[in-house]
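The sequence shown begins at 0 in numbering that gives the first Met the number 0 and counts up by one. Every residue gets a Cβ at the ideal spot worked out from N, C-alpha and C, and that includes glycine.
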Amino acid sequence: MGDATPDQLIEGLARVCSRAGLSSPEGLTRLTGGATMESWRFAAGDSTFVLRRAPSLAFMEGRPYGHDVEAAVIEAARARGVTAPEVVAVLVPEDGIGSGFVMRALPGTPNPKEILEFEEPVALLKQAARDLARIHSIRPGDVPEAVSVMDYRTAIADLRQQFEEAGGDRPIIALGLKWMEDNCPDPCEPVLIHGDYRMGNLLAEGPGRLTGVLDWELAHFGDRHEDLAFGCMAVWRFHRYDRHALGLGSLEDYFAAYEAEAGVSVDRERFRYWLIHRTVWWALGCLKMAKIWRSGEDRMLERVVISRRTSEQELDLLLLLESDAPRARRRGWVPASLTDQLFEPKGEATSAEIVVAVSEWLATLKDKLSGHDRFQLAVARNALGIVERVSRSAYVELLPDDGDELSRQILSGEKTLADTYLLQDLRFSVLECVRADSPKYPALAVARKKWLGEE
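Next up, the structure:
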C-alpha cells in the first residue's frame with residue numbers, strides 16, 4: 000500500500016468520505032493492473048467508488064501536475080459529454096493517505112481480452128472515436144494552466160536525453176529518434192490530448208457500449224493525431240493485431256467516425272509520425288521502469304517485467320520504419336532463429352529447470368489468491384519465464400555488443416537503413432530479444448512470417 004498502512008488507508012478514506020458527504024467506506028479492495036497509480040474499489044452506502052492514488056508522495060515529485068489538476072481535467076471532459084467518471088473528492092494532506100482522488104465507479108470492464116471479443120466491436124470503436132473528438136474540443140483556458148502545451152522538438156529532445164540516460168545502446172530506438180528529428184511536423188492548433196487513450200483505459204460492456212474513459216494523468220495540449228495514433232499502436236491492439244484501430248476495427252471506420260464528430264480531416268502523414276513518436280516514447284517508458292525499481296522508488300514486481308517489454312516496441316518500431324529503407328535492403332535475408340537450437344540437459348537440474356520448477360509451484364497457489372495478489376502471481380510467473388528462456392538459449396547475448404557505438408552512428412546520420420546489412424542485423428537482434436522476452440507477442444509471428452518466410 001505504498002507509504003500508507005492498511006489501517007491508515009481505511010482511516011484516511013473515512014475522512015475523505017465524510018468531507019464528501021458519503022457514508023463510511025466498506026469492502027476496500029485493491030484492483031489489478033496499474034503500472035503507475037493504485038486503484039482501490041470500495042462501497043459507501045448504496046454506491047460504489049474508486050480511490051485512485053499514487054503509491055507514495057515521492058512518486059508525485061517531478062510530475063507536471065497533481066491529482067487536483069487531473070480531477071479538474073476529468074470534470075472538464077465530462078462537461079463536454081465525454082464518458083468519464085465523476086470525481087467526488089480530491090485527497091488533501093489532512094487525509095493522511097497521500098495524493099489522489101475518489102471517483103464514482105462506472106459499469107463495465109477494462110479488460111482488453113474481454114472487450115476485444117464483444118459482438119459489436121465496430122459500434123464500440125465509433126463511440127471511442129466520438130469521445131476522443133469531444134476530448135479534443137477542449138482548448139487551453141478550459142482547464143487549469145498547469146496543463147501544458149507540448150513543444151514537439153522539446154519532446155524529442157527529452158526522449159533523446161532519456162535514451163542517453165538509459166545507456167544509449169539500443170540501435171532501433173536510436174533509429175526512431177533520428178527519424179523523428181528528421182520528420183517532425185510543424186505545430187498545429189493545440190487541443191486537449193488524453194495522452195493514454197487505448198484499450199486498458201476504456202471501460203465497456205457487451206455487446207459494444209463504451210462506459211468510461213479512465214487514467215487522465217498524462218493529459219496535455221498538442222496535436223490531435225497523437226491521441227489517434229497511440230491507441231492504434233500494435234501493443235494496445237493486444238491479440239487483435241489484425242484490427243488496426245484500437246484492436247476493434249479498421250482505421251477507415253475509426254477516422255470516419257472521428258471526422259464526423261470533430262469536423263476535421265485526419266492527416267495520414269501526421270498520424271504516422273505520432274505512431275512512431277509514441278512507439279519510441281513507450282519503448283523508453285518501458286526501459287525507465289527498471290530505473291524506477293532500482294532506485295527503490297517503487298519496488299513493484301510489475302516494473303521489472305515491463306522493462307523487458309522494450310523489445311516489443313523495438314520490433315514494432317522496426318516494422319514501422321523499414322518501409323523507408325531501399326527496396327533492395329528490405330528484401331535482404333535474415334538467418335533462422337538461433338534460439339531454435341536449445342541445449343538438452345542430461346545431468347543435474349539446470350538453472351532453467353529450477354526456474355520452471357519454481358514457476359510450476361507458484362501456479363498451485365493461483366486458486367488461493369484473489370485480486371491484485373493473483374495478478375502479481377501471473378506477473379511473477381511471466382518474470383520467471385523470461386529468465387528460463389534466456390538461460391536455456393544457445394544465443395544468450397541478445398543485444399549487439401557495439402549497441403552504444405551503433406546507436407551513436409545512427410543518431411549522427413553516419414549509418415542509415417540504406418547501409419548494407421544494417422536492417423538485417425537489426426531484424427535478427429530484435430527477433431531474438433522478443434523471442435526471449437515476449438514469445439506470445441502477436442507482432443512476433445507477423446515479423447517472423449515477413450522476415451523469415453514462416454507460416
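Buried or exposed (CB count within 10 angstroms, at least 16 for buried), residue i
i	result
THR278	buried
THR338	The predicted position of THR338 is uncertain, since its pLDDT is 46 and thus under 50; no value can be drawn from it.
SER224	It should be pointed out that residue 224 corresponds to His in this sequence rather than to Ser. So HIS224 ends up on the buried side.
ARG447	buried
ARG138	exposed
ALA458	Outside the modelled stretch of the chain, which goes from 0 to 454, sits residue 458, for which no answer is possible.
ASP436	buried
VAL91	exposed
TYR196	buried
ASN182	exposed
ALA78	exposed
THR363	exposed
TYR420	exposed
SER428	buried
HIS238	exposed
ASP315	buried
VAL456	As displayed, the chain neither begins before 0 nor continues past 454, which places residue 456 out of reach and without an answer.
CA-to-CA distance, residue j to residue i, given in whole angstroms
i	j	result
LEU405	ILE171	10 Å
LEU397	ASP424	Below a pLDDT of 50, predicted positions are generally treated as unreliable, and LEU397, at 49, falls in that range; the measurement from the model is reported next regardless. When rounded, the distance between both Cα atoms is 12 Å.
LEU12	GLY80	29 Å
HIS219	GLY452	43 Å
ASP403	GLY167	6 Å
ARG307	ARG388	13 Å
ALA122	GLY246	13 Å
TYR240	GLY44	42 Å
ALA88	ILE275	37 Å
VAL433	ALA442	10 Å
ALA327	ARG152	32 Å
LYS439	ALA3	37 Å
GLY346	GLU352	11 Å
CYS285	HIS371	21 Å
LEU174	LEU283	13 Å
VAL395	VAL386	Because VAL395 carries a pLDDT of 46, less than 50, the predicted location of this residue cannot be relied on, and no value is offered for it.
ALA379	ILE134	37 Å
ALA76	GLU37	22 Å
LEU124	ASP185	29 Å
ALA71	GLU216	11 Å
VAL86	HIS193	17 Å
ASP6	LYS112	34 Å
GLU10	GLU25	11 Å
VAL68	PRO143	6 Å
MET102	ILE409	47 Å
ALA83	ASP214	10 Å
Helix, strand or coil at residue i according to DSSP, with G and I counted as helix
i	result
MET102	strand
SER55	coil
VAL433	helix
THR108	strand
PHE374	helix
SER294	helix
GLY221	strand
GLY140	coil
GLY284	helix
PHE237	coil
PHE117	coil
GLU327	The question names Glu, but residue 327 in the sequence shown is Ala. Three-state result, ALA327: helix.
GLY384	helix
ARG447	helix
ALA75	helix
LEU50	strand
GLY11	helix
THR28	strand
LEU337	Because LEU337 carries a pLDDT of 49, less than 50, the predicted location of this residue cannot be relied on, and no value is offered for it.
TRP39	strand
ALA88	strand
GLY346	coil
GLY402	helix
VAL146	coil
ALA3	coil
ALA244	strand
Any C-beta of chain B under 8 Å from that of residue i
i	result
ASP266	No chain B appears in this structure, which consists of one protein chain only.
When the Cβ atoms of the segment 290-301 are set against those of the segment 258-276, are three or more pairs found closer than 8 Å? Three or more Cβ pairs closer than 8 Å define a contact, and the segment 290-301 falls short of that threshold against the segment 258-276.
Within the chosen definition, does the segment 240-260 reach the segment 120-140 through at least 3 CB pairs nearer than 8 Å? The segment 240-260, when compared against the segment 120-140, does touch it at the 8 Å Cβ threshold.
Please specify which runs of the alpha helix (DSSP H), each continuous and at least 4 residues long, are wholly inside the segment 153-212, giving them in chain order. With a minimum length of 4 residues, the continuous alpha helix (DSSP H) runs that stay inside the segment 153-212 are 170-182.
Give a yes or no on contact between the segment 90-105 and the segment 56-76, applying the rule of three or more CB pairs nearer than 8 Å. yes
Cβ contact (3+ pairs, closer than 8 Å) linking the segment 101-117 and the segment 188-207: yes
At least three beta-carbon pairs within less than 8 Å, the segment 63-73 to the segment 144-158: yes
Within 8 Å, do at least three Cβ pairs link the segment 304-318 to the segment 209-218? no
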